[in-house]
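Take any residue in the sequence shown, count from 1 to its spot, add 999: that is its number in this note's numbering.
Using N, Cα and C, we set each Cβ at its ideal position, and we do this for glycine too.
Reading through the structure tokens given below for one structure.
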Amino acid sequence: MTPIGEVLLIRALNATRPYYFPSYLGIRLIGSQMPQDKSGFLERLILRRLNAQDTWRYRPFKMYKGSILFGADLTHEYRDCLAPSPITAIAESLILALMASEPTFGTSPRVFSYRWPNSVTSGGSYQYFAIGYRERNEEIAKRLTEPGQVAVVTDIKAFYPSVKTAQIEEALENRLKRSELLAKSTEEILNFYRQLVGTGNVGIPIGPQSGHVLGHLALADVDEALTKQYGDNYFRYVDDIVVLTSVNQADAAVASVRERLDKSGFDINPAKTVVAGLEAWDQHLTKSDIAGEDNFRSLTRDLTVYLAFHSERADDLQRMFADSGLSLPVKRLLALSKYSPFRYYLRRTTLRNINAILSALIAKNSAFVTRCLELKKAYEEALANLLSAPTDPKSGLRRWYVQSIRRIVNVLFYLRSFEEWSRKQELETFPELVEQRALASALSTGTANPVLPFHPRGPAALAELWNEYGKGFTGFDWPAGGLAEAELESITTLQLHGTINIVEPTQIATPQGRLIAVARRDSPKTRLSPDLSFEDEFESLRLSISNEDLAKISKTRYALQEGTMLEALSLLASEYASNSEY
1000 MTPIGEVLLI
1010 RALNATRPYY
1020 FPSYLGIRLI
1030 GSQMPQDKSG
1040 FLERLILRRL
1050 NAQDTWRYRP
1060 FKMYKGSILF
1070 GADLTHEYRD
1080 CLAPSPITAI
1090 AESLILALMA
1100 SEPTFGTSPR
1110 VFSYRWPNSV
1120 TSGGSYQYFA
1130 IGYRERNEEI
1140 AKRLTEPGQV
1150 AVVTDIKAFY
1160 PSVKTAQIEE
1170 ALENRLKRSE
1180 LLAKSTEEIL
1190 NFYRQLVGTG
1200 NVGIPIGPQS
1210 GHVLGHLALA
1220 DVDEALTKQY
1230 GDNYFRYVDD
1240 IVVLTSVNQA
1250 DAAVASVRER
1260 LDKSGFDINP
1270 AKTVVAGLEA
1280 WDQHLTKSDI
1290 AGEDNFRSLT
1300 RDLTVYLAFH
1310 SERADDLQRM
1320 FADSGLSLPV
1330 KRLLALSKYS
1340 PFRYYLRRTT
1350 LRNINAILSA
1360 LIAKNSAFVT
1370 RCLELKKAYE
1380 EALANLLSAP
1390 TDPKSGLRRW
1400 YVQSIRRIVN
1410 VLFYLRSFEE
1420 WSRKQELETF
1430 PELVEQRALA
1440 SALSTGTANP
1450 VLPFHPRGPA
1460 ALAELWNEYG
1470 KGFTGFDWPA
1480 GGLAEAELES
1490 ITTLQLHGTI
1500 NIVEPTQIAT
1510 PQGRLIAVAR
1520 RDSPKTRLSP
1530 DLSFEDEFES
1540 LRLSISNEDL
1550 AKISKTRYAL
1560 QEGTMLEALS
1570 LLASEYASNS
1580 EY
């Protein structure tokens, strides 16, 4: 049983919004123009194209990866990524749904990342990624309480690009042929993935949701071998590998993981190999960032419950936050309060958390303002303590230490006013906080330029915060030397969010320039170039749709199952990963 078309659409929306906003908006436009999907219209359309082995469209783009410090110079590095066109993203959701229903595509229980969803009506092609991450961290923390136990942590160097094309196709074909449901569609699905991998040119393309299942297939032999050797003391999250062992066997464990990866054609990443005990693991991966029972996560949860009961108070609450120097995204949390899984959570936990529910019912806006200000003080103190603690730049634990700082700073984007970011001394101490410094500068100056190199998370975070608490459009100056690829992508994202208004004509003979031109056209009546490209597909979907309408779409959701996220918390993947190397 596969999900109905509505669910496929929502899965494609949830997959594309964090990575490539034009794809997301294109899918929203498909949803608004699609006939009521009572008779399987969308599934039949996709299946016909799959059976015809049609051409699928992807668009290359640059995603900020991290920055390297050479002396006083900071150089940005980017991942080469692919964005599926709107209709391609929906097709991918269908294929992943078919795979999820087949036992042959199951993963090892020692894999904690991107597991298949729990039901065919789930709003994502995978379970929410943070669930497995937290489960892994908590299980490791429990096992580290045993005397003499340490965690050997490492990852695979340049994992996705290093996977061989033949390895992907062989593993995929073997699973498809063993599948009762998909064996007859082997060639059609292989054709879809040959186009994806061929467009990416090297390894597993980054961006499309299929990269996660292809990564699982590429590491199946590694999972099997290391599980056989270490049993439940082996953990994998994407390409992040953890082995629990005794402290005197730590070096041997590193050697065995390196040997196993080498047999499968992968290299261990020595820069991210570290041995950690319970104290370090707890400090950086499981312990709360601030003292006390309250934290930002519980605040946003309680505030969402409150808005579920008192949506009419949202505008006044936002004004009170602004007057108190706070920047919480009330409109985003109001949207989350209408999200069906949250409503289900509310019903399921009403009896168990009756006191919390009653508190939300009788609470007032002023109580949340006071609570936010108290939390702001707690996070400011926690940041000051971390910044004053000694840290060795060469230590293997430095990355985790900086992650802790980054998490707190990301929260403070919601607990400080824009003006407070004009003092950025705490951000200057660590070069790794380059994204945070850029967002702070953009907010305090009202200019979009600082976040442009950090596509897609930087412009998304600026749009979220500025669209709720900014005044009009942000400023923007065309640099004399022009803009790099990632910066042009950021311009498009900010335009589609309605955060920036580019009025100057752009004469940029690149796909990025063409997409900027498409985004700038207000209520287009014709396609500029009907060449069946990604840009042409996007433009054809937005014919007669004004820029104002697109901006409204960017602030809303298509359906209750479409998730919401706080963009500033996702900067550099926040607590779930760190892609900077210094």
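Have a look at I1130, G1197, A1217, E1138 and flag the residue whose alpha-carbon is nearest the alpha-carbon of N1173. For N1173, the closest C-alpha among the options I1130, G1197, A1217, E1138 is that of A1217.
Just to confirm before moving on: does the CB-CB distance between Y1413 and A1362 stay below 8 angstroms? A1362 sits away from Y1413, with the two beta carbons spaced by 8 angstroms or more.
Check this for me: beta carbons of H1092 and S1124, under 8 angstroms apart or not? One point to set straight first is that residue 1092 is Ser, not His, in the sequence displayed. In this structure, S1124 lies closer than 8 angstroms to S1092 by Cβ.
According to DSSP, F1060 sits in a beta bridge with which residue or residues? For F1060, which the question treats as bridged, DSSP gives the partners C1080.
Would you mind reading off the limits of the alpha helix (DSSP H) that contains R1235? Looking at the DSSP string, R1235 is not in any alpha helix (DSSP H); the run it does join, the beta strand (DSSP E), is 1233 to 1236.
Contact check, L1438 vs A1460 under 8 angstroms by CB: the rounded distance? A Cβ-Cβ distance of about 6 angstroms is found for the pair L1438 and A1460, placing them in contact under the 8 angstroms criterion.
Which stretch, first to last residue, makes up the beta strand (DSSP E) that contains S1245? Boundaries of the beta strand (DSSP E) harbouring S1245: 1239 to 1245, taken from the DSSP string.
Looking only at its chain, what residues have a beta carbon closer than 8 angstroms to the beta carbon of L1081, apart from the 5 residues adjacent to it on each side? For L1081, same chain residues with a beta-carbon under 8 angstroms away, outside a window of 5 residues either side, are Y1057, R1058, P1059, F1060, L1195, T1198, G1199, P1204, I1205, G1206, P1207 in chain order.
Taking Cβ positions, are L1012 and I1026 nearer each other than 8 angstroms? Taking 8 angstroms as the Cβ cut-off, L1012 and I1026 qualify as a contacting pair.
Alpha carbon to alpha carbon, how far is L1007 from Q1126? A direct Cα-to-Cα measurement between L1007 and Q1126 gives close to 15 angstroms.
Going straight from the alpha carbon of A1252 to that of T1244, what length do you get? A1252 and T1244 have their C-alpha atoms roughly 7 angstroms apart.
Evaluate E1434 with the Cβ neighbour count: other Cβ atoms within 10 Å of its Cβ, from every protein chain shown; 16 or more gives buried, anything less gives exposed. Classification for E1434: buried.
CA-CA distance, V1149 and V1246? Distance between the alpha carbons of V1149 and V1246: 6 angstroms.
Taking the alpha helix (DSSP H) that D1548 falls in, what are its first and last residues? Its alpha helix (DSSP H) spans residues 1546 to 1553.
Taking a contact to mean a Cβ-Cβ separation below 8 angstroms, would you say M1062 touches H1309 in this structure? Result no, Cβ atoms of M1062 and H1309 do not sit closer than 8 angstroms.
For H1075, collect the residues of the same chain with a Cβ closer than 6 angstroms to its Cβ; drop the 5 residues on either side in sequence, then sort them by chain order. Excluding residues within five positions, the ones whose Cβ falls inside 6 angstroms are S1066, P1452.
Can K1163 and G1264 be called in contact, C-beta distance under 8 angstroms? In contact: K1163 and G1264 (Cβ atoms closer than 8 angstroms).
C-alpha distance - V1408 paired with D1239, whole-angstrom precision: In this structure, the CA atom of V1408 is about 24 angstroms from the CA atom of D1239.
Under 8 angstroms between C-beta atoms of F1111 and Y1236: In this structure, F1111 sits near Y1236, with a CB-CB distance shorter than 8 angstroms.
Helix, strand or coil at S1066 according to DSSP, with G and I counted as helix: Note: S1066 maps to strand in three-state DSSP.
What do you reckon, is the C-beta of A1447 under 7 angstroms from a heavy atom of the ligand GTP? Questions concerning the ligand GTP fall outside what the structure shown contains, since it holds no ligand whatsoever.
Answer with buried or exposed for K1176, where buried requires no fewer than 16 other C-beta atoms within 10 angstroms of its C-beta. So K1176 counts as exposed.
Where G1474 sits in the DSSP three-state scheme: Strand at G1474.
What's the C-alpha gap between G1210 and A1014? Across the structure, G1210 and A1014 are spaced so that their CA atoms are roughly 12 angstroms apart.
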